Each structure stands twice: as C-alpha cells, then as structure tokens.
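In the working numbering, the protein residues as written are 9 to 113.
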C-alpha cells in the first residue's frame with residue numbers, strides 16, 4: 009500500500025534531498041551504499057555453492073522497480089538507473105494489479 013500524496017510527497021522530497029546533499033548514510037558511504045533490496049540480492053548471489061545460478065538470480069530479483077518521477081517500469085534489473093529516493097519496488101507477482109491501480113508506463 010502507498011501513502012496518500014500528502015504524506016508520500018514530503019517523504020520523497022526529503023529522501024531525494026538526503027541523496028542529493030549526501031546526508032545521513034549517504035554522507036558516509038556515498039553511492040557505494042547498498043540499500044536493503046540490493047544488499048539482500050548480493051547476499052543471495054554471493055553464496056559459495058550455487059547449485060543453479062539461474063535459480064539464484066531469480067530468487068534474488070523478485071521485484072520490479074518503478075521510477076517514481078515518471079512512473080516508468082525499469083524492470084527487475086534496471087533499478088541502478090533510478091536515484092534511490094525515486095525507486096518504488098513492486099513484487100513481480102503483483103505487477104499486473106499495480107498496472108491496474110497506477111498509471112505505469
């Protein structure tokens with residue numbers, strides 16, 4: 009569920025300012041900082057004994073990224089093209105419903 013615009017927009021503005029001005033965790037780590045989703049994907053893919061690498065990749069990337077600036081889907085792997093504060097993650101299994109609920113491009 010998404011917050012109403014009156015709550016979501018100030019949150020996005022502050023998150024974007026923190027990214028642009030390198031505040032908080034960005035001050036210490038900059039663009040090297042891995043956010044939760046990216047970090048968990050690295051952990052899943054970094055296992056020593058991957059029986060099936062394709063299954064590992066499928067398990068690590070289960071969410072589609074949407075660019076909140078344009079509501080454009082950038083897919084499972086295109087998130088690096090979107091500033092962190094502008095990423096909306098949608099489970100791939102929920103994407104059909106999200107397309108009905110949001111004006112995604």
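The beta-carbon is built from N, C-alpha and C at its ideal position, and this holds for glycine as well.
Please read all numbers here as calculations on a predicted model, not as lab measurements.
When the Cα atoms are used, residue 15 and residue 55 turn out to be separated by approximately 39 Å.
DSSP places residue 29 in no alpha helix (DSSP H); its state is neither H nor E.
Residue 96: not part of any alpha helix (DSSP H); member of the beta strand (DSSP E) spanning 95 to 99, first to last residue. By the C-beta density criterion, residue 75 is buried, having at least 16 other C-beta atoms within 10 angstroms.
CA-CA distance, residue 106 to residue 67, rounds to 21 Å.
In this structure, 71 is the residue among 91, 71, 94 and 93 with its C-alpha nearest to the C-alpha of residue 83.
Within the stretch 35 to 86, the beta strand (DSSP E) runs of at least 3 residues that lie entirely inside it are, in chain order, 71 to 75 and 80 to 83. In the DSSP assignment, residue 107 falls within the unbroken alpha helix (DSSP H) covering 103 to 109.
Between the alpha carbons of residue 65 and residue 51 lies a distance of about 11 Å.
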